[in-house]
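All residue numbers for the sequence shown refer to UniProt numbering, where the first residue is 1 and numbers rise by one.
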Amino acid sequence: MSYGCDPASHPTKEFIKAHISNYTDPKNPDIIVAGGASCNSNDDCTTVASVTGSCEKRRCKCADHWTGPRCTKYDLEATTYGPSVVLMGAMCGLAVLGSGAALLVRMRRNRAARQFQDEVNRRAKRSTDPSPSAESDVVRMQTA
């Protein structure tokens, strides 16, 4: 006979998890049980605070993220916090592409503005330069 909280005939969940290799083998793996306990009504497959499962064909069937034979344990391993890695990667990729497109548009606008300013400066320079007279284009030849 054994005394205490962890008798050999009824080990605790923590003891089993710590010594899982003693309780499993390739033909009997450690799996999470979600439902499957026998039931008579939905009250047998739920907690007092919220509906965590239902009784279907006299067997408990758990709602999302609830586990255990009677659907009374919340499965934290199935729950992730925040968006998925794929979604975050897609959002970061779109941000990089958007930044690159904005940079390209900005560079093209700056180049066009610079070309326009150069053209304006050239025209202004031409208009301020004294234009050569028509006579200066004509070459006079002196006869001896």
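For glycine and all other residues, C-beta sits at the position ideal for the given N, C-alpha and C.
Rounded to whole angstroms, Ile32 and Asn22 show a C-alpha spacing of 17 Å. Across the structure, Leu97 and Val105 are spaced so that their CA atoms are roughly 12 Å apart. The criterion of a C-beta distance shorter than 9 Å is satisfied by His19 and Pro11. In the DSSP assignment, Cys55 is bridged to Cys60. Annotation for Thr47: Thr72 place their beta carbon closer than 6 Å to its own, counting only its chain and skipping 5 residues before and after. For Ala124, the enclosing alpha helix (DSSP H) has its first and last residue at Val85 to Thr128. By the C-beta density criterion, Thr128 is exposed, having fewer than 16 other C-beta atoms within 10 angstroms. Secondary structure at Asp25: strand, using DSSP grouped into helix, strand and coil.
In this structure, the CA atom of Ala63 is about 11 Å from the CA atom of Cys55.
In the three-state scheme derived from DSSP, where H, G and I count as helix and E and B as strand, Ala49 is classed as coil.
At the C-beta level, Ala34 and Thr67 come within 9 Å of one another. Shown here, Ala18 sits in a helix according to DSSP, grouped into three states. With a threshold of 16 other beta carbon atoms within 10 Å, Gly53 meets it and is buried.
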